[in-house]
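Below is one structure, written out as structure tokens; the observations come after it.
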Amino acid sequence: MNHHVAASERRGRGRPAGDGANRAAILDAAKVMFGAHGYDGASMRAIAAAAGVDPGTIRHFFTDKHGLFAATIADRTEFTSRIVAAFAGDREHLGERVAEAYLGAWEDEETAPILRAIVRTALTSERTANVLRAMFATRIIAELPPTMADIGELPLRFALAGSHLLGVAVARNLGHIEALTTIDRDHLIAILAPVIQAYLTGPLPASAGTP
């Protein structure tokens, strides 16, 4: 057998030449497809076609659709970096900066489509929801500036602040609740800021089992 042909065939089955370029092309295509069609509407085959690769190449890099979706969010959106950046600066206005970064991401044409896809997917897929929760919490907490090191119970604080902001963002951008869609964003941020500030930096009541 011709060894050059055999090597070429092996690459074609899932380890193509130019791995870095193929991975980048897949993530770029996935961002567009997930944003336009949501998780359920974007098929692996369609993403592969848009990226100019075969579906096996996607499996080689990301294992399955869940893995591809999580990687797309991590590598092709600025959502987590925006939130992390909001923690830089004085602690006094932290709630305002976080609320502004969170709501701003939902109104940015680059990040809004994928955020909508994230929410719709998390509501229908427990597995994907768990992956996304772990990814966001782990990544954001790991990248926080040292100035946050003295604040205890960060996972709980993040869950409280994130749940509150997510509820507002979904009601405003997906549920189209009139009172939230018509309010000026700066006014809404001003209302949310002290609540988010309290979640992130304020004292938390002791649990019932705490002596």
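The numbering of the sequence shown is the working numbering, which starts it at 820 and goes up by one. From the three backbone atoms N, C-alpha and C, an ideal C-beta is built for every residue, glycine too.
query, result
"Out of Thr-876, Asp-873 and Ala-924, which one is the CA nearest neighbour of Arg-991?", "Ala-924"
"Can you give me the C-alpha to C-alpha distance between Asn-949 and Ala-889, rounded to a whole angstrom?", "11 Å"
"Flag this pair as yes or no: are the beta carbons of Ala-920 and Ala-905 separated by less than 8 Å?", "yes"
"Classify Val-917 as helix, strand or coil using the three-state DSSP reduction.", "helix"
"Please return the same chain residues whose Cβ sits closer than 7 Å to the Cβ of Ala-826, not counting the five positions on each side in sequence.", "A caution first: Ala-826 carries a pLDDT of 42, below 50, which makes its placement in the model unreliable, though a value can still be read off. Excluding residues within five positions, none has a Cβ falling inside 7 Å."
"Return the chain-ordered list of same chain residues with a C-beta closer than 7 Å to the C-beta of Met-801, the five sequence neighbours on each side being excluded.", "Lying before the first or after the last residue shown, residue 801 is absent from the chain, which here runs from 820 to 1030."
"Leu-922 and Ala-988 look like a contact to me (Cβ under 8 Å); what is the Cβ gap, rounded to whole Å?", "6 Å"
"Less than 8 Å between C-beta atoms, sequence neighbours within five positions excluded: which residues of the same chain meet that for Pro-974?", "Ala-956 and Ile-960"
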